[in-house]
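Trainee: Sharing a structure with you now.
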Amino acid sequence: MYKIIKTTITAIPFVSVIILEIFVNVRNYNIEMLQPFTLIIGVVLLLNLIIASLLKVNDYFTYGISVVALLGITSVFLIPSVGQVYLENIIAGLYFGLFVVAFFPPLFKFKPFTVSISEKEYSEAVVKTKQFLKINLLINYIWAGLLALSMLLTIVKYSDNSVLQIILSIVVPIILLVSIGVPVTKKLPTILMNKISGEQRHFETCKDLFESMPYGLNKELAQGVDAVIQYLLTGEEPIEGYLIIKDSKCLFEYGIHPNPNTTIKADSKLWLGISNNEISESKAFINKEYEVEGDMTLLLKLYDLFTPTQKEKKPKVEMEKPKLKKIDIDYKDFGPGKIRKIIVFDGGSRNDKFSKTSFMVNNFIEGAKEAGANVKYFKLKDYDIHDCSGCYTCWTKTPGECTYKDDMTLLRKKFREADLVVFASPLFIFNVTGILKRFMDRLCPILKPYIVHDERGFIKHPDRYPELGKQGFVVFSAAGFPDLENNFDGLRGMFKMWDLRNENMDMVGEFYVTAAETLVQPVGSIRKNMIQSVCKKAGEQVVREGKIDIELMQKVVYPGFSSEQFQEVSNYFWESLDGKAAYLREAPRI
Ligand SMILES: Cc1cc2nc3c(=O)[nH]c(=O)nc-3n(C[C@H](O)[C@H](O)[C@H](O)COP(=O)(O)O)c2cc1C
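Using my numbering, read the sequence shown as starting at 177 and increasing by one per residue.
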């Protein structure tokens, strides 16, 4: 009911002014004849104004149009010459009234009239921002300009026909206002809210937070992101809702999405604190104060996605998505049925429970066994392997036999008999561990001393046992740092030489896990599962097909986050070990 009354109160000034215009122009009365009619219109407008103020219908338009019309009507009685001008320009007066209410109030710190229209479309948190007010001020002055233009357009002489003149003088400005003013009011706030970077918003409630998120998306960073994030908040402000980020746009809906990429389960107060930057997200995450299911990497991206790009960027170490280039090696394809016997040499210093390298290798072995291979695994640190002394006795006095009679005698034999050798090592100082290197040095006896050139011009030592045929090899390594280049180069370079300068050894594949220590943190759990299945698949494939797809090798490399996120997650991890950042404390002098 109140709505109907309000609409009527707002409509009365418009309708009255148009009726007056029609009356004056169509009937062409002189000013005296018009006085009784204008008096009636004036009384109607005055009563309407009184009712509006009693019912607190504080609509700028009602007041603007009514005040200008009442002034005009009063002048008809008191100053007829001015009244005559008013009656000849009633519609222009209407636009003048509208112009006044658009132009002047903001100059006196009143809210622009557009706020009362656009605030219905946005959440409280958005409406409260300075950006929103600034945008409305802009729209307000666009309207003021359009209304001034409309006022001029009503004065233009369109036709000698009075009916046509009225229609055109009303219709032309309306077309202008509808075609420019309405879309500007509707679309501009969203466009600008998405564009403007700047003030960090503070949210009072989670409802405000979520409803504002669509306007806070950093479009630059959101390019290519196609994700659904489900929020399940409990506690003071329970909320079930989800964000859809797609095509650099963001939408928030209440309810449960059937297929979200990531689900965040948190206490509403905690989530609000995190979103307002009052609580460290990484710390809360590591301390398991909230739960995340699905794609964790999306969670790490979330903060950036809703942070405006800073004009003055702090120097950022951008990490390119590492790409496994072929380093001039054509991974060997042995063909189906050729890889039956596999031998694994794990040069890691940790046991299976902690070693990420062993984690990969164990899954590779599982896949290979399932495909029917005979697999033997050796943890080299458990074997007696002496350093090579460089005496060349294995090449001279006792060909093929080393002076040291340790476990290498057996391991070397196993090595040469296998169809596929797996070299596994954590990345230690940009290369394999000393354990694996010592083992590899002691493989010298399986080569002959003299020099040959191969067809590509490489100088090498011939294989002592060519009758045992060609062997494939696969490399597995896990590193702490998140990058491939400038980290694995040394290790890869060595195995590249192993491939190129060993007569009968060909690389079949290489698997490098970057940021390996994050695999055991909650943030890495999805990636860990992925690596598990990729390595298993590789084991199966190498036995069934005699080759490994580069796509599988490629999958394990990328950690899924930037180097800055890696830094943050890692440092919180170290800090969380004793909670007091002991890792930052000074050590006693050595
Ligand atoms: C002595 C030492 C040297 C290391 N050198 C590197 C390195 O050069 N680059 C790197 O990314 N990580 C390096 N790390 C980190 C390890 O590669 C990382 O902890 C990896 O997960 C170990 O593999 P594992 O889990 O199979 O033992 C080093 C670690 C140690 C203990």
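All C-beta atoms in this analysis are idealised placements derived from N, C-alpha and C, irrespective of residue type, glycine included.
Between Ile519 and Val597, which are expected to be in contact by the criterion C-beta below 8 Å, what is the C-beta distance as a whole number of angstroms?
Mentor: As a first step, residue 519 is located in the sequence shown; it is residue number 343 there, counting from the start. As a first step, residue 597 is located in the sequence shown; it is residue number 421 there, counting from the start. The Cβ separation is near 6 Å, so the contact holds.
Trainee: Between the C-alpha atoms of Asp528 and Asn538, what's the straight-line distance to the nearest angstrom?
Mentor: By 1-based counting over the sequence shown, the position of residue 528 is 352. By 1-based counting over the sequence shown, the position of residue 538 is 362. Using only the alpha carbons, I get a separation of about 9 Å.
Trainee: For the alpha helix (DSSP H) holding Cys382, just list the boundary residues, first then last.
Mentor: Within the sequence shown, numbered from 1, the residue matching residue 382 stands at position 206. From DSSP, the alpha helix (DSSP H) with Cys382 extends over Cys382 to Gly392.
Trainee: Relative to the alpha-carbon of Val732, which residue among Gly511, Thr250, Lys723 and Arg703 has its alpha-carbon at the smallest distance?
Mentor: Position 556 of the sequence shown, counting from 1, holds the residue named residue 732. Per the Cα distances, Arg703.
Trainee: Kindly list the residues whose CB is nearer than 7 Å to the CB of Val719, restricted to its own chain and excluding five residues on each side of it in sequence; keep chain order.
Mentor: Here residue 719 refers to the residue found at position 543 of the sequence shown. So the qualifying residues of the chain are Ile515, Ala544, Ala547, Gly548 and Ala549.
Trainee: Just checking my contact of Leu619 with Ser601 at CB under 8 Å: how many whole Å lie between their CB atoms?
Mentor: Taking the sequence shown and counting its residues from 1, the one referred to as residue 619 is at position 443. Taking the sequence shown and counting its residues from 1, the one referred to as residue 601 is at position 425. Not a contact, Cβ separation roughly 15 Å.
Trainee: Between Tyr271 and Val261, what straight-line distance do the alpha-carbon atoms span, to the nearest angstrom?
Mentor: Residue numbering aside, residue 271 sits at position 95 when the sequence shown is read from its first letter. Residue numbering aside, residue 261 sits at position 85 when the sequence shown is read from its first letter. Going by the C-alpha atoms only, they are around 15 Å apart.
Trainee: Beta-carbon within less than 6 Å of Ser565's beta-carbon, same chain only, minus the 5 sequence neighbours each way: which residues are those?
Mentor: The residue you call residue 565 lines up with position 389 of the sequence shown. Cβ neighbours of Ser565 beyond the five flanking positions: none.
Trainee: I'd like the list of long-range same chain contacts for Arg614, defined as Cβ closer than 7 Å, with 5 residues on each side in sequence excluded.
Mentor: In the sequence shown, residue 614 corresponds to position 438, counting from 1. Hits under 7 Å: Ile561 and Asp563.
Trainee: Can you tell me the Cα-Cα spacing of Trp750 and Glu744, whole angstroms?
Mentor: Stepping through the sequence shown from its first residue, residue 750 is reached at position 574. Stepping through the sequence shown from its first residue, residue 744 is reached at position 568. C-alpha separation (whole angstroms): 10 Å.
Trainee: Please report whether the beta-carbon of Tyr418 lies at a distance below 8 Å from any beta-carbon of chain B.
Mentor: Going by chain labels, chain B is absent from the structure shown, which holds only one protein chain.
Trainee: Using a Cβ-Cβ cutoff of less than 6 Å, which residues in the same chain neighbour Lys590 once the five nearest sequence positions on both sides are dropped?
Mentor: Here residue 590 is taken as the residue at index 414 of the sequence shown, counted from 1. Excluding residues within five positions, the ones whose Cβ falls inside 6 Å are Ile519.
Trainee: Taking the beta strand (DSSP E) that Gly685 falls in, what are its first and last residues?
Mentor: Here residue 685 refers to the residue found at position 509 of the sequence shown. Residues Met681 to Val689.
Trainee: Taking the CB atoms as reference points, tell me whether Gly411 and Gly431 lie closer together than 8 Å.
Mentor: Locating residue 411 in the sequence shown gives position 235, counting from the first residue. Locating residue 431 in the sequence shown gives position 255, counting from the first residue. No, they are not a contact pair.
Trainee: Given 7 Å as the limit, tell me if Gly146 has its C-beta closer than that to any heavy atom belonging to ligand 1.
Mentor: No information on residue 146 is available, as it lies outside the stretch 177 to 766 that the chain covers here.
Trainee: Sort Leu247, Pro764 and Asp725 by Cα distance to Gly511 and report the nearest one.
Mentor: As a position in the sequence shown, residue 511 is number 335, starting the count at 1. Taking only the C-alpha atoms, the option nearest Gly511 is Asp725.
Trainee: How far does the alpha helix (DSSP H) with Thr585 in it extend, from its first residue to its last?
Mentor: As a first step, residue 585 is located in the sequence shown; it is residue number 409 there, counting from the start. Per DSSP, Thr585 belongs to the alpha helix (DSSP H) from Met584 to Glu593.
Trainee: Just to check, is the beta-carbon of Thr533 closer than 7 Å to a non-hydrogen atom of ligand 1?
Mentor: As a position in the sequence shown, residue 533 is number 357, starting the count at 1. At least one heavy atom of ligand 1 is nearer than 7 Å to the Cβ of Thr533, so yes.
Trainee: Do the CB positions of Ile440 and Tyr479 come within less than 8 Å of each other?
Mentor: For this step, residue 440 is matched to residue 264 along the sequence shown. For this step, residue 479 is matched to residue 303 along the sequence shown. Against a cut-off of 8 Å, the Cβ pair of Tyr479 and Ile440 comes out as no contact.
Trainee: Taking the CB atoms as reference points, tell me whether Leu325 and Val348 lie closer together than 8 Å.
Mentor: Stepping through the sequence shown from its first residue, residue 325 is reached at position 149. Stepping through the sequence shown from its first residue, residue 348 is reached at position 172. Cβ atoms of Leu325 and Val348: not closer than 8 Å.
Trainee: My output table needs one value for Thr366: the three-state DSSP class, helix, strand or coil.
Mentor: By 1-based counting over the sequence shown, the position of residue 366 is 190. DSSP places Thr366 in helix when its eight states are reduced to three.
Trainee: Please report the straight-line C-alpha distance between Phe275 and Glu380, rounded to a whole angstrom.
Mentor: Position 99 of the sequence shown, counted from the start, is the residue given in the question as residue 275. Position 204 of the sequence shown, counted from the start, is the residue given in the question as residue 380. Approximately 36 Å between the Cα atoms of the pair.
Trainee: Go ahead and pull the three-state DSSP assignment for Phe190.
Mentor: Counted from its first residue, the sequence shown places residue 190 at position 14. Residue state, collapsed to three classes: helix.
Trainee: Using a Cβ distance threshold of 8 Å, determine whether the segment 649–666 contacts the segment 678–695, with at least three qualifying pairs required.
Mentor: The segment 649–666, when compared against the segment 678–695, does touch it at the 8 Å Cβ threshold.
Trainee: Ends of the alpha helix (DSSP H) at Tyr271?
Mentor: In the sequence shown, residue 271 corresponds to position 95, counting from 1. Counting along the chain, the alpha helix (DSSP H) containing Tyr271 begins and ends at Ile266 to Phe279.
Trainee: Among all the DSSP beta bridges, which residues are the ones paired with Ser653?
Mentor: In the sequence shown, the residue the question calls residue 653 occupies position 477. The partner list for Ser653 (beta bridge, DSSP) reads Tyr688.
Trainee: Near Ala268, which residues of its chain fall below 7 Å by C-beta distance, leaving aside the five closest residues on each side in sequence?
Mentor: What you label residue 268 is simply residue 92 of the sequence shown in a count that begins at 1. Met327, Thr330 and Ile331.
Trainee: Using CA atoms only, rank isn't needed, just tell me which of Ile185, Glu208, Glu631 and Ala245 is closest to Asp235.
Mentor: By 1-based counting over the sequence shown, the position of residue 235 is 59. Selected option, being the one with the closest Cα: Ile185.
Trainee: Under the DSSP definition of a beta bridge, which residues are partnered with Glu417?
Mentor: Position 241 of the sequence shown, counting from 1, holds the residue named residue 417. The displayed chain sequence assigns Gly, not Glu, to residue 417. Partner(s): Tyr407 and Tyr430.
Trainee: Which class does Val537 belong to by DSSP, given the choice of helix, strand or coil?
Mentor: By one-based count along the sequence shown, residue 537 stands at place 361. The answer is helix: DSSP assigns Val537 an H, G or I state.
Trainee: Just verifying my parser: in three-state terms, what is the DSSP assignment at Leu644?
Mentor: Position 468 of the sequence shown, counted from the first residue, corresponds to residue 644. In this structure, Leu644 counts as helix in the three-state DSSP scheme.
Trainee: Quick check on Lys489: does DSSP put it in helix, strand or coil?
Mentor: The residue you call residue 489 lines up with position 313 of the sequence shown. For Lys489, the pLDDT reaches just 46, beneath the cut-off of 50, and the residue's location in the model is therefore unreliable, although a value from the coordinates is still provided. Coil, per DSSP.
Trainee: Just to confirm my understanding: we take Ala442, look at its own chain, exclude 5 residues before and 5 after, and list those with CB closer than 7 Å. What are they?
Mentor: Within the sequence shown, the letter at position 266 stands for residue 442. Same-chain partners within the cutoff: Leu409 and Tyr466.
Trainee: Can you give the Cα-Cα distance for Leu393 and Ile367, rounded to whole angstroms?
Mentor: Indexing the sequence shown from 1 puts residue 393 at position 217. Indexing the sequence shown from 1 puts residue 367 at position 191. For Leu393 and Ile367, the distance between alpha carbons rounds to 12 Å.
Trainee: Run through the DSSP bridge pairs and tell me what Lys422 is partnered with.
Mentor: One-based indexing of the sequence shown puts residue 422 at position 246. Its beta-bridge partners are Lys425.
Trainee: With respect to 7 Å, is the separation between the Cβ of Phe657 and the closest non-hydrogen atom of ligand 1 below this value?
Mentor: One-based indexing of the sequence shown puts residue 657 at position 481. Flag set: Cβ of Phe657 near ligand 1.
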